Amino acid sequence: MARLIIVSNRVSQPDAAGARAGGLAVALRDALKKNGGIWFGWSGQVTEQPAEELRIVTRGRVTYATADLTPQDHDDYYLGFANSALWPLFHYRLDLFEFNRQHYEGYRRVNAAFAAKLAPLVQPDDIIWVHDYHFIPLGVELRRAGIGNRMGIFLHTPFPATEVMIALPSHDDLMESVCAYDLVGLQTKRDLHAFDDYITREVGGEVLGHRCVRVFDRTLCADAFPISIDTENFATMAAEAAQAEQTRRLVDSLVGRELIIGVDRLDYSKGLVARFEAFERLLAKYPEHRSQVTLMQIAPPSREDIEQYQQIRAALEAAAGRINGHFADLDWMPIRYLNKNFTRRRLAGFYRVSRIGLVTPLRDGMNLVAKEYVAAQDPADPGLLVLSRFAGAAEEFRHSALIVNPYDVEGVADALHRALAMPLAERRDRWQTQMEVLRRNSITQWRDSFMETLERTGEKTAMTARAAS
């Protein structure tokens, strides 16, 4: 069996086990343990004089190989192009999009440097699986270094519509790099349609059979692989965590009130200010919910060096203060805003005791919080998912969650009112439908489907070429 090389911006270290490691990290590490291989990427360290040699840690059949960044590389590659250009672009936030040619050159420079470090580690039969937008050019740089191995990339973000993508001055160069891979994995059919549209309309490529495309003088495959969670393990963890001290403290503090929960990184793509405004509208329009329901929003900070993230934090704190100031009573605080991290186990317990999971991003690749919330529910008395139509998860839950437009504050408030009043029988039916999806499409199925498709790309492209000739 071929060895596997996984490349990601952050590398899950071998001691990050149990509750500290997310489902994705566990699934990828399991694949590495099964096949043997390397997890390669940035160490997370910024140093003035990075070591020439990679940091190498080996555990059994898995090698963890990481490299540092210089402050200049970190500014250009990570803070600059990756998170000030690609992240807002892929999330349709052209108002926050910042293109700087120096940052793009730094992004390419770092990818070339990482490719030069990785290339000597690659064996002839290795399969290379690259994750996310940070390392889009890595594949083409490895090709230039003579690496002919099968390579795939999975984009965890949305893939933007052509009219959004072409706002990037270097979009054609970036997309040619995307197409250096043998397989491009996207989250949803909507993302796949956007990819196909760009290939055909913008650069004159052709969509062929067997989910292959011919473009930039090569043939590759592209398909949707909706990422998921370890459903059964998360459900078991939630049932256990519901009895934990911190969960019981939360339940006791509610004094019989219903709980609405939101869990998101503090990011402008998550629609958090609009979410608070929708909850405010719920209390104003449906006064029977005052003092009867609490919104708990957990939003740990991220990318605090970027100005837009500082602004969203200030705006969210201001909104929470205004709403609480207007509606709070002596024994009730409408919004509990927690700007801190919790372990996945504790979150699982919180999900289980919440009547509503409120997941309303303005744009999201998938949003695994939505899936974790569903998996965490008590089958006898499940809560209800209120979900943005712009989250990738809406494609799988479109008939079972309450689907909302996060830009429609009134509509979200109405959905919350409906969810709070929904009979138990209907909640059970919706939850059972969602669990059927999650059991069928687990994180293991997602991983294996991508890997199997990547392993067959040579066969598929050859078959497609014969059919087209």
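The numbering used here applies: residue 9 is where the sequence shown begins, and numbers increase by one. From the three backbone atoms N, C-alpha and C, an ideal C-beta is built for every residue, glycine too. If you're wondering where the values come from, they're calculated on a predicted model, not measured in any experiment.
Q.
Along the chain, where does the alpha helix (DSSP H) containing E56 start, and where does it finish?
A. Run containing E56: none; DSSP gives neither H nor E here.
(Q) Taking only three categories from DSSP, how would you classify F122? (A) helix
Q | CB of T170 within 8 angstroms of CB of D205, strictly | A | yes
Q.
Need the endpoints of the beta strand (DSSP E) that N17 sits in, please.
A. 12-18
Q: Taking only the alpha-carbon atoms, compute the straight-line gap between V172 and Q300 and give it to the nearest angstrom.
A: 43 angstroms
Q) From G400, R158, D372, G365, pick the residue whose C-alpha is nearest to that of P390; which is it? A) G365
Q | Candidates E296, R109, Y100, A175: closest to D372 by CA position | A | Y100
Q: Compute the distance between the beta-carbons of G88 and N119, then report whether it is under 8 angstroms.
A: no
(Q) Taking the alpha carbon of A307 as the reference point, which residue from R298, Y317, D313 has its own alpha carbon closest? (A) Y317
Q) In the structure shown, what three-state DSSP assignment does R67 receive? A) strand
Q: Compare the C-alpha of Q21 against each of A59, P58, V70 and name the closest.
A: V70
Q | DSSP state of V138 mapped onto helix, strand, coil | A | strand
Q: Within the same chain, show all residues whose beta-carbon is closer than 6 angstroms to that of E404, passing over the 5 residues directly before and after it, in chain order.
A: V445
**Q.** alpha helix (DSSP H) runs contained entirely in the segment 213-243, provided each spans 4 or more residues
**A.** none
Q. Can you list, in chain order, the residues of its chain whose CB lies under 8 angstroms from that of R464, leaving out five sequence neighbours each side?
A. none
Q) Around the Cβ of A421, are there at least 16 other Cβ atoms within 10 angstroms (buried) or fewer (exposed)? A) buried
Q. Counting pairs of Cβ atoms below 8 angstroms between the segment 63-78 and the segment 333-343, do you hit three or more?
A. no
Q. Is E288 buried or exposed, if buried means 16 or more other CB atoms sit within 10 Å of its CB?
A. buried
Q: Identify, in the order they occur along the chain, each residue of the same chain with its Cβ nearer than 8 angstroms to the Cβ of L4, setting aside the five sequence neighbours on each side.
A: Outside the displayed span of the chain (9 to 477) sits residue 4, for which this structure offers no information.
Q. Taking the alpha-carbon positions, what's the R352 to R344 distance?
A. 19 angstroms
Q.
Runs of 3 residues minimum, wholly inside the segment 287-324: which ones carry the beta strand (DSSP E) assignment?
A. 301-306
Q.
Can you confirm whether A124, when its beta carbon is compared against all beta carbons of chain D, has any partner nearer than 8 angstroms?
A. Although the question refers to chain D, the structure presented lacks it and comprises just one protein chain.
Q: Report whether the distance from the Cβ of D181 to the nearest heavy atom of the ligand GDP is below 7 angstroms.
A: Inclusion of the ligand GDP in the displayed structure is not the case, the ligand content being empty and no account of it being possible.
Q | Cutoff 7 angstroms; reference I411; Cβ partners in own chain excluding five residues on either side | A | L395, R397, A402
Q. Assuming W50 and N17 make a contact with CB atoms under 8 angstroms, what is their CB distance in whole Å?
A. 5 angstroms
(Q) For a test of the three-state rule: what should DSSP assign to A27, helix, strand or coil? (A) Caution applies to A27, whose pLDDT of 43 falls short of 50 and renders its modelled position unreliable; the model cannot decide the point.
(Q) Suppose you measure from the CA of V138 to the CA of G160; what does that come to, to the nearest Å? (A) 6 angstroms
Q | Any alpha helix (DSSP H) of 4 or more consecutive residues that is wholly inside the segment 78-107 | A | 95-98
Q: Reducing DSSP to helix, strand and coil, say where F143 ends up.
A: helix
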